[in-house]
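Quick notes on the structure that follows.
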Amino acid sequence: MNKTYHRVGPDYRFDEQVTFHDIKETFGLNHIRLGSWVEEDEKRKAANLIFDSLADIPSIKHPLNQRLERVFTTTFLTHDGQNSHEYVDRAVALDHQYGRQYFSNPTELMARAFEACIESYPEISNQYLVNETLSSKLADAGGYPAIVHRQQIFSALIDYFEPLGEALGRE
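All residue numbers for the sequence shown refer to our numbering, where the first residue is 2 and numbers rise by one.
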C-alpha cells in the first residue's frame, strides 16, 4: 500500500494508531477479515484509513430512534436509568439457577417482554400467539416483567410502533 490517500476532515484518532479490533468495537461491526498475505505495515495503514472513512460517514438521525431507545431503556433499566431493572436481575438469577446464559440474553429478554405485553393487553386475546406469561412455572420464577412494568413497556412500544405504522401506511 504505497499509494498516499488524502482526506479532509476531523482527526478522530488524534494521530493514534488504531487496530481492526478498535474498528469493530467503535462501529459495532461483527467481523473483519484480512488475508494472511497482508503485511503488518499494510494492516496498520489500512486500519487508520478504514477508521477515518467510517468516522466520516454522518450518522442518520431519525425521530423513531429515540422512541426505540425508550423501549429498550424501559425494559432493561430502572426508572432513573442507573441500574438494571429487577426483571433483568431476575433473568440473571434464572441463568444461575439453570447454569447457562439464556434468560438474560437481551434478545430473549425483549421477546419475553413483548410476549408479556401482548398477553396483558386487554383488547387482545390469542392463546396461540402468547400464553403462560401470567401463570406458569417461568412466570412464577420471575421470567416475565411484572404487570406495572408490562404497562410501561407497552406504552413505550406503542410510542414506537404507532408512528412507524402511520408512516408505512402513507407509503
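Just so you know, even glycine gets a beta-carbon here, dropped at the ideal spot from N, CA and C. Everything numeric in this text was worked out from a predicted model, so none of it was measured.
{"Check": "C-alpha gap between Gln67 and Asp12, whole angstroms", "Outcome": "28 Å"}
{"Check": "Length of the line joining the Cα atoms of Lys138 and Ile148", "Outcome": "16 Å"}
{"Check": "Beta-carbon proximity check, Pro146 vs Ala117, cutoff 7 Å", "Outcome": "yes"}
{"Check": "The region 42–62 contacting the region 111–130, beta-carbon criterion three pairs below 8 Å", "Outcome": "no"}
{"Check": "Selected residue, minimal CA-CA separation from Lys112, among Phe77, Ile58 and Ser85", "Outcome": "Reading off the sequence, residue 112 comes out as Ala, not Lys. Out of Phe77, Ile58 and Ser85, Phe77 has the C-alpha closest to the C-alpha of Ala112."}
{"Check": "Beta-bridge pairing of Ser85 - partner residues as DSSP gives them", "Outcome": "Leu78"}
{"Check": "Inter-residue Cα distance where the pair is Asp141 and Ile61", "Outcome": "42 Å"}
{"Check": "Inter-residue Cα distance where the pair is Tyr129 and Leu65", "Outcome": "30 Å"}
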